[in-house]
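Worksheet: one structure, shown below.
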Amino acid sequence: MRLDATTVRRLLIVLLIVAWEVLPQAGLVPRLFLPPVSATVAALWGSAPEYAYHLWVTLQEVAISMLFACVGGVAAGLVIGNSVRLRQLLLPLASAGFAIPLVILYPLFTAWFGIGPESKIVFASVYGFLPTLLGTAAGVQTIDRHLVTVARSLGASRFQQITRVFLPAAIPTVLSSLRIGGALVIVGVTVAEMLTSTAGIGFLISRYRTLLDSPHVFAAILLVLAMAIAFDWLVQLIERRVAGWQRAIRTEQAPAAAYS
Amino acid sequence: MAARYETALIRLIIIALLFGAWEFAPRADLVNARLLPPASEVFTVFFGLIQDPGFHGHLATTLQQTLTAFLIAVPVGALLGILIAENRFAGEVFKPLVFFVFSIPKSIFLPMFILAFGISFWQKVAFGVFSTIFIVMMTAFAAVASVRSDHIRVARSYGANLRQIIARVYLPSMTPVLLEAVRLAMIFNFTGILLAEMYASRAGVGNLIGTWGRGFQIPQIMAGIVTVAGLSILFNELVRWFERRCEHWRGDR
Numbered sequence: 001m002r003l004d005a006t007t008v009r010r011l012l013i014v015l016l017i018v019a020w021e022v023l024p025q026a027g028l029v030p031r032l033f034l035p036p037v038s039a040t041v042a043a044l045w046g047s048a049p050e051y052a053y054h055l056w057v058t059l060q061e062v063a064i065s066m067l068f069a070c071v072g073g074v075a076a077g078l079v080i081g082n083s084v085r086l087r088q089l090l091l092p093l094a095s096a097g098f099a100i101p102l103v104i105l106y107p108l109f110t111a112w113f114g115i116g117p118e119s120k121i122v123f124a125s126v127y128g129f130l131p132t133l134l135g136t137a138a139g140v141q142t143i144d145r146h147l148v149t150v151a152r153s154l155g156a157s158r159f160q161q162i163t164r165v166f167l168p169a170a171i172p173t174v175l176s177s178l179r180i181g182g183a184l185v186i187v188g189v190t191v192a193e194m195l196t197s198t199a200g201i202g203f204l205i206s207r208y209r210t211l212l213d214s215p216h217v218f219a220a221i222l223l224v225l226a227m228a229i230a231f232d233w234l235v236q237l238i239e240r241r242v243a244g245w246q247r248a249i250r251t252e253q254a255p256a257a258a259y260s
Numbered sequence: 001m002a003a004r005y006e007t008a009l010i011r012l013i014i015i016a017l018l019f020g021a022w023e024f025a026p027r028a029d030l031v032n033a034r035l036l037p038p039a040s041e042v043f044t045v046f047f048g049l050i051q052d053p054g055f056h057g058h059l060a061t062t063l064q065q066t067l068t069a070f071l072i073a074v075p076v077g078a079l080l081g082i083l084i085a086e087n088r089f090a091g092e093v094f095k096p097l098v099f100f101v102f103s104i105p106k107s108i109f110l111p112m113f114i115l116a117f118g119i120s121f122w123q124k125v126a127f128g129v130f131s132t133i134f135i136v137m138m139t140a141f142a143a144v145a146s147v148r149s150d151h152i153r154v155a156r157s158y159g160a161n162l163r164q165i166i167a168r169v170y171l172p173s174m175t176p177v178l179l180e181a182v183r184l185a186m187i188f189n190f191t192g193i194l195l196a197e198m199y200a201s202r203a204g205v206g207n208l209i210g211t212w213g214r215g216f217q218i219p220q221i222m223a224g225i226v227t228v229a230g231l232s233i234l235f236n237e238l239v240r241w242f243e244r245r246c247e248h249w250r251g252d253r
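Sequence order for the protein chains is A and B.
Positions 1 to 260 (the working numbering) are the ones given, in order, by the first sequence.
Positions 1 to 253 (the working numbering) are the ones given, in order, by the second sequence.
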């Protein structure tokens, strides 16, 4: 019997988790570097109220930053992507800006806004903004121009063209940029908390690292991973629902188009 | 051609206006000059920095770490990526795993590198490699996908040997995608190394910027940002220029 790829992959993952438990237990990997799964879960369970409080702080910061980064990035991306002139002018600047390692801005933001949540929100918003903008602007260009032309020749007003044709066609692009931008916002908030802060999951990671308490460090890392994966699943879920809805419209519209 | 120059001109004007606002706003007391020192002051500090031998030492540390990580991550990542993508079964097993690891944030693992390697040169390099290698592998997957199987079939039926197929079919098709890998790898690498330096280190530009941040030395922080931004934009545009040259050369054939 030959194993198929999915089974091999699942076996590999199980093997990795077993190795994560067995190798440190057997002393083959120092426990300081890799605490066994059991110790990590025990640490997470034992300090659950503390983790819950700091997770709540982080989630609030992430939510506000996402509002700024994603709404701002999508709006700017739609405007820039839609105009040939602005695209030629600004996209090269934006993609050059994308090459700058933005982490170095964080000390400036702490000097400006203090070490409270404000500096994290500003940093994560800036961190997620450019990729969202670039993704949206690139996607807008791929929208089928004929859709707009048809709508215009059927007498749609400028407003109708935007709300009925342009926005529905742009939704998949917008969602995939949100996925990238949102993930970066989560990273931005956690990294900022790791560098200088007084609360949040990133703060816990750094505090337990200085205490050399690696099970607690790993438990906090797992929480951040869970947050990132949960966000990704959420956007994928919306993507699938929207995609289904778009197909439904297309099949509904197909006969109508044939008649007209 | 005229339109292209015009666009470049307007772009220059936008940049000049931004710098003008940066100079004018603190001087006219529209913003607090302690929080946002005027551009001229920051650039005075910047020119002082780039002549300061102490700063050269920090810059050399950062660049050495970045280059070492880059020289490990790009060939190893590209090779692993190509090997995985070339074998159907390995691709089916490993590609989803690489996609998954690529999508999770890697900065949060930085403390584990400190616990494992201590605060050292190799800790920064290892973290740089870790934060870069997955994007290189993903780009290598795309590079393999860009090689068209009918090109290989034609080459083979004309009797090309493996070396000729690699040199004449694989490399030309893959070059633009691999150049993109080089560009992205450098961005990710530089970010990773600077973050590791800001987090815990004894030297390097990231260490300096972190120290200035704690000391509230805003002109110095901004001069540091100007240096790092300048270096990254320079490298980025260099690779992009090379990419465009390759496109011309591909188009001519």
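C-beta atoms are modelled at their ideal positions from N, C-alpha and C, and glycine is treated no differently.
None of these values were measured; they are calculated from a predicted model.
Next on the checklist: Which residues of the region 67-101 of chain A have a Cβ closer than 9 Å to any Cβ of chain B? Give them in chain order.
Outcome noted: Arg85, Gln88, Leu89, Leu90, Pro92, Leu93, Ser95, Ala96, Gly97, Phe98, Ala99, Ile100 and Pro101
Checklist entry - What is the DSSP secondary structure of Ala258 (chain A), reduced to helix, strand or coil? => result Residue placement at Ala258 (chain A) is flagged as unreliable, the pLDDT there being 35, under the threshold of 50; the coordinate-derived value follows with that caveat. DSSP places Ala258 (chain A) in helix when its eight states are reduced to three.
Item to check | Pairwise C-alpha distance: Thr136 (chain A) and Arg164 (chain A) | outcome: 18 Å
Item to check | Neighbourhood of Val125 (chain B) by C-beta, 6 Å cutoff - its chain only, sequence neighbours within 5 removed | outcome: Gln65, Thr68 and Ala69
Checklist entry - How should Ile187 (chain B) be labelled, buried or exposed, when 16 other C-beta atoms within 10 angstroms of its C-beta is the threshold for buried? => result buried
Checklist entry - Taking 8 Å as the CB-CB cut-off, is Leu288 (chain A) touching chain B? => result With chain A covering 1 to 260 only, the question about residue 288 (chain A) has no answer from this structure.
Item to check | Neighbourhood of Ala73 (chain B) by C-beta, 8 Å cutoff - its chain only, sequence neighbours within 5 removed | outcome: Gly128, Val129, Thr132, Ile133, Val136, Ala185 and Asn189
Checklist entry - Touch check for the region 38-51 of chain A and the region 217-227 of chain A: three-plus C-beta pairs under 8 Å? => result yes
Checklist entry - Under three-state DSSP, which class holds Ile13 (chain A)? => result helix
Next on the checklist: Please report the straight-line C-alpha distance between Pro111 (chain B) and Ile205 (chain A), rounded to a whole angstrom.
Outcome noted: 8 Å
Next on the checklist: For Ser139 (chain A) and Thr132 (chain A), I'd like the C-alpha separation in whole angstroms.
Outcome noted: It should be pointed out that residue 139 (chain A) corresponds to Gly in this sequence rather than to Ser. For Gly139 (chain A) and Thr132 (chain A), the distance between alpha carbons rounds to 11 Å.
Checklist entry - Counting only runs that start and end within the region 83-168 of chain A, where is the alpha helix (DSSP H) found for 4 or more residues in a row? => result 84-98, 106-113, 117-141 and 145-153
Checklist entry - Under three-state DSSP, which class holds Pro30 (chain A)? => result coil
Next on the checklist: Rounded to whole angstroms, what is the Cα-Cα separation between Pro92 (chain A) and Gly20 (chain B)?
Outcome noted: 20 Å
Item to check | Stretch pair the region 99-119 of chain A + the region 194-204 of chain B: three plus CB contacts closer than 8 Å | outcome: yes
Checklist entry - Looking only at its own chain, which residues have a Cβ that is under 7 Å from the Cβ of Arg163 (chain B), when we skip the five neighbours before and after it? => result none
Checklist entry - Does DSSP put Leu83 (chain B) in a helix, a strand or coil? => result helix
Next on the checklist: Whole angstroms are fine: how far does the CA of Asn82 (chain A) sit from the CA of Leu147 (chain A)?
Outcome noted: 14 Å
Next on the checklist: Between Leu234 (chain A) and chain B, is any beta-carbon pair separated by less than 8 Å?
Outcome noted: no
Checklist entry - Taking only beta-carbon atoms, is Thr58 (chain A) less than 8 Å away from chain B? => result no
Checklist entry - Between Val147 (chain B) and Gly206 (chain B), what straight-line distance do the alpha-carbon atoms span, to the nearest angstrom? => result 40 Å
Next on the checklist: By alpha-carbon positions, which one of A:Tyr208, A:Leu225, A:Ala228 and A:Leu237 ends up nearest to Ala43 (chain A)?
Outcome noted: A:Tyr208
Next on the checklist: Helix, strand or coil for Ser201 (chain B)? Go by DSSP, reduced to three states.
Outcome noted: coil
Checklist entry - Using the C-alpha atoms, what's the distance from Gly224 (chain B) back to Glu237 (chain B)? => result 20 Å
Next on the checklist: In this structure, how does DSSP classify Pro105 (chain B) when only helix, strand and coil are distinguished?
Outcome noted: coil
Checklist entry - Would Leu71 (chain B) be called buried (16 or more neighbouring beta carbons within 10 Å of its own) or exposed? => result exposed
Checklist entry - Got a sec: is the Cβ-Cβ distance from Phe89 (chain B) to anything in chain A below 8 Å? => result yes
Item to check | Interface residues of chain B facing Val217 (chain A) [CB-CB closer than 9 Å] | outcome: Pro111, Met112 and Leu115
Checklist entry - Which of helix, strand or coil does DSSP assign to Ala33 (chain B)? => result coil
Item to check | Selection of the region 24-44 of chain A by Cβ proximity to chain B, strictly under 8 Å | outcome: Pro30, Leu32, Phe33 and Leu34
Item to check | Straight-line Cα distance separating Glu118 (chain A) from Trp241 (chain B) | outcome: 39 Å
Next on the checklist: Output needed for Ile249 (chain A): all residues of its chain with C-beta closer than 8 Å, excluding positions within five of it in sequence on either side, in chain order.
Outcome noted: Residue placement at Ile249 (chain A) is flagged as unreliable, the pLDDT there being 47, under the threshold of 50; the coordinate-derived value follows with that caveat. Around Ile249 (chain A): Pro168.
Item to check | Same chain, Cβ closer than 8 Å to Leu175 (chain A), five either side skipped, listed in chain order | outcome: Val235, Ile238, Glu239 and Val242
Checklist entry - Per DSSP, what kind of secondary structure is Gly20 (chain B) in: helix, strand or coil? => result helix
Checklist entry - Glu86 (chain B): buried (16+ other C-beta within 10 angstroms of its C-beta) or exposed? => result exposed
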